[in-house]
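As they're listed, the protein sequences go chains A and B.
As numbered in the numbering used here, the first sequence has no gaps in its residue numbers, which increase by one up to the final residue, 1070.
As numbered in the numbering used here, the second sequence has no gaps in its residue numbers, which increase by one up to the final residue, 427.
From the three backbone atoms N, C-alpha and C, an ideal C-beta is built for every residue, glycine too.
It should be emphasised that the depicted structure is a prediction, and the values quoted were computed from it without experimental measurement.
In what follows, a single structure is set out as structure tokens and then discussed.
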Amino acid sequence: MDSIISVRSLSKSFGRRNALNNIDLEIKKGEIVAIFGPNGAGKTTLLKIMSTIINPSKGTVLVNGIAAKEHPEKIRGMIGAISHETYLYDELTARENLVFFARMYGIENDIDKRVDSILKSVNLLKRADERAISFSRGMKQRLSIARALLHQPEILLMDEPYTGLDQHAAANFERVLMSTGDSDVTRIMITHNIERAFEICDRMLIMDRGEIRFDKLKTEIESVEHFREQYLSIVEKDTDAEGISNF
Amino acid sequence: MKKSLYIAAKDLKSEFRTKQMLNSMLIFSLIVIVIFSISFGDLLGQPDMMAKLAPGVLWVAFTFAGTLGLSRSFAGEMENGCLEGLKLSPIDRSSIYIGKTISNAVLMFIVELLTIPIFIVLFNYNISNIPGIALVIFLGTFGFVSVGTLLSALSASTRAREIMLPVLLLPLIIPVIIPAVMATGTILTDGGIGSISSEIRLLIVYDLIFFVVGQLVFEYTVMD
């Protein structure tokens, strides 16, 4: 498989704080990658740079061989994003939200047909003309999947998409997420839910203090418990080190 | 431009459903007009005095009501991360600025359209030069929202956004408010378009400068 995303020597600092420190990462087309790490590890910053929302301080991101810094609009057209924020307008109906974002992504033909089809795939067609404000958290997340996949992106970036979802809603979200869109869509997900990620992902990354400290295919990891131990050893070691240096 | 119109249409559709911004702007504007008409009640019989006071009253009402509306303009986009959703779309960031400027201007025009008849009745005016007053109000409002939309975006991500916006906005709109008040005064005392040509020129230059500058720097105001 070819790399769809190449991150080379990427660094980002906010003032004197380094959020990302010289990161290199290759992600192959169709891979499902989970990124773990404590708060402040740089996970969201990495995703925001990949989606061209923020510029790196150093280094490059290539998406399908296109430099993100030079052609951000082209890159944004290839990416769908799901977050704990829904990116939905509460006062618009589900259909109006999707039609609006379809137009933002330059979709002009057969908008209604495409919107109906994607609403059907996330089980919201019957409630298409209700305002988003009346939806439950789970329904809003399903609508945000529809919004993210509307323009048939090649890459799906997800930043803690399970936040605020109960067990049932999370399972439902996962089912819709995996069954909607093309199977060769590359999915990158930031999460704290090791069990769920272990079920659906091909590759697991652990980030800490702006660096990738662990990067293995799921097939190379013995079990969820083994991965959890690895995670805790990386995170706790650094926490201890920080404690000692602060002391 | 098409994307900007979609953004403006989305904003107006949302606003017409809740009327949160529109109602508060309108009530504020009318309260200002009514309070000033009561305060200056003794001067209503003195046309010379009223000609000096009334244009200022009208623009105080427009400016304060507009500031109130602008403070909500980007606050709505911050809910549910909608601004980030827009920033993730493959559109030029200036399209967001233009769309927001259009929707803010439309809301202000609606408030002005409803305020002026009350102003005419309470201040006992008879406006004969309707195209003249419409032109002055259009140019003044457009200049106001061009600056206001940019500063609304800038202050939306700050903690003290309600305080920050008027503090930044009011000094910057002085160059548009002064010619607008002077031109309104001239028009209300039966002056023709020819007698306000210098004010109109000033307003056009100001509008163009801020609309262009707004588009150029908007990207930096919404950058993370």
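Integer-rounded CB distance, given that residue j should sit under 8 angstroms from residue i
i, j, result
"residue 443 (chain B)", "residue 421 (chain B)", "Summary: the structure shown does not reach residue 443 (chain B), with chain B confined to residues 204 through 427, and so no result is reported for it."
"residue 264 (chain B)", "residue 236 (chain B)", "5 angstroms"
"residue 889 (chain A)", "residue 898 (chain A)", "6 angstroms"
"residue 1050 (chain A)", "residue 1030 (chain A)", "Actually they do not touch by this definition, with Cβ atoms about 14 angstroms apart."
"residue 1013 (chain A)", "residue 905 (chain A)", "Not a contact, Cβ separation roughly 10 angstroms."
"residue 979 (chain A)", "residue 966 (chain A)", "Not quite, the Cβ-Cβ distance comes to about 15 angstroms (not below 8 angstroms), so this is no contact."
"residue 402 (chain B)", "residue 385 (chain B)", "5 angstroms"
"residue 307 (chain B)", "residue 351 (chain B)", "7 angstroms"
"residue 941 (chain A)", "residue 972 (chain A)", "6 angstroms"
C-beta atoms of residue i and residue j nearer than 8 angstroms
i, j, result
"residue 1011 (chain A)", "residue 1036 (chain A)", "no"
"residue 916 (chain A)", "residue 953 (chain A)", "yes"
"residue 391 (chain B)", "residue 330 (chain B)", "yes"
"residue 900 (chain A)", "residue 293 (chain B)", "yes"
"residue 827 (chain A)", "residue 851 (chain A)", "yes"
"residue 914 (chain A)", "residue 220 (chain B)", "yes"
"residue 268 (chain B)", "residue 242 (chain B)", "no"
"residue 346 (chain B)", "residue 409 (chain B)", "yes"
"residue 253 (chain B)", "residue 261 (chain B)", "no"
"residue 340 (chain B)", "residue 266 (chain B)", "no"
"residue 278 (chain B)", "residue 359 (chain B)", "yes"
"residue 911 (chain A)", "residue 955 (chain A)", "yes"
"residue 945 (chain A)", "residue 968 (chain A)", "yes"
"residue 868 (chain A)", "residue 843 (chain A)", "yes"
"residue 853 (chain A)", "residue 1007 (chain A)", "yes"
"residue 275 (chain B)", "residue 204 (chain B)", "no"
"residue 309 (chain B)", "residue 215 (chain B)", "yes"
"residue 398 (chain B)", "residue 387 (chain B)", "no"
DSSP state of residue i mapped onto helix, strand, coil
i, result
"residue 987 (chain A)", "coil"
"residue 419 (chain B)", "helix"
"residue 248 (chain B)", "coil"
"residue 943 (chain A)", "helix"
"residue 1025 (chain A)", "coil"
"residue 973 (chain A)", "coil"
"residue 1008 (chain A)", "coil"
"residue 883 (chain A)", "strand"
"residue 253 (chain B)", "helix"
"residue 903 (chain A)", "strand"
"residue 919 (chain A)", "helix"
"residue 326 (chain B)", "coil"
"residue 892 (chain A)", "coil"
Spatial distance of residue i from residue j (CA atoms)
i, j, result
"residue 324 (chain B)", "residue 875 (chain A)", "54 angstroms"
"residue 318 (chain B)", "residue 383 (chain B)", "16 angstroms"
"residue 226 (chain B)", "residue 1038 (chain A)", "55 angstroms"
"residue 295 (chain B)", "residue 206 (chain B)", "9 angstroms"
"residue 234 (chain B)", "residue 326 (chain B)", "14 angstroms"
"residue 222 (chain B)", "residue 228 (chain B)", "10 angstroms"
"residue 1024 (chain A)", "residue 894 (chain A)", "29 angstroms"
"residue 301 (chain B)", "residue 873 (chain A)", "26 angstroms"
"residue 1001 (chain A)", "residue 424 (chain B)", "36 angstroms"
"residue 923 (chain A)", "residue 393 (chain B)", "46 angstroms"
"residue 299 (chain B)", "residue 1019 (chain A)", "37 angstroms"
"residue 829 (chain A)", "residue 1041 (chain A)", "20 angstroms"
"residue 157 (chain B)", "residue 856 (chain A)", "Because chain B in this structure spans residues 204 to 427, residue 157 (chain B) falls outside the shown range and cannot be described."
"residue 1059 (chain A)", "residue 862 (chain A)", "13 angstroms"
"residue 371 (chain B)", "residue 991 (chain A)", "48 angstroms"
"residue 1045 (chain A)", "residue 1052 (chain A)", "11 angstroms"
"residue 289 (chain B)", "residue 927 (chain A)", "8 angstroms"
"residue 1021 (chain A)", "residue 998 (chain A)", "15 angstroms"
"residue 1065 (chain A)", "residue 871 (chain A)", "For residue 1065 (chain A), the predicted model reports a pLDDT of 43, less than 50, meaning its position is unreliable and no value from the coordinates is stated."
"residue 396 (chain B)", "residue 321 (chain B)", "24 angstroms"
"residue 1055 (chain A)", "residue 1017 (chain A)", "12 angstroms"
"residue 958 (chain A)", "residue 925 (chain A)", "20 angstroms"
"residue 1047 (chain A)", "residue 1015 (chain A)", "13 angstroms"
Chain B contact residues for residue i, given Cβ-Cβ distances below 8 angstroms
i, result
"residue 923 (chain A)", "209 and 213"
"residue 873 (chain A)", "Per Cβ cutoff of 8 angstroms: no residues; residue 873 (chain A) is ~11 angstroms from chain B at best."
"residue 911 (chain A)", "283, 285 and 288"
"residue 896 (chain A)", "293, 294 and 295"
"residue 876 (chain A)", "287, 290, 291 and 427"
"residue 929 (chain A)", "293"
Beta-carbon neighbours of residue i, restricted to chain B and to distances below 7 angstroms
i, result
"residue 860 (chain A)", "Under the 7 angstroms cutoff, chain B gives no residues; its nearest Cβ is about 19 angstroms from residue 860 (chain A)."
"residue 908 (chain A)", "283, 284 and 287"
"residue 899 (chain A)", "291, 292 and 293"
Chain B contact residues for residue i, given Cβ-Cβ distances below 9 angstroms
i, result
"residue 904 (chain A)", "287, 288 and 291"
Residue i: contacting residues in chain A (beta-carbon distance under 7 angstroms)
i, result
"residue 221 (chain B)", "914"
"residue 217 (chain B)", "912, 914 and 915"
Residue i: contacting residues in chain A (beta-carbon distance under 8 angstroms)
i, result
"residue 303 (chain B)", "In chain order: nothing, as chain A lies at least about 14 angstroms away."
"residue 255 (chain B)", "Here the premise fails: no neighbours, minimum Cβ distance about 43 angstroms."
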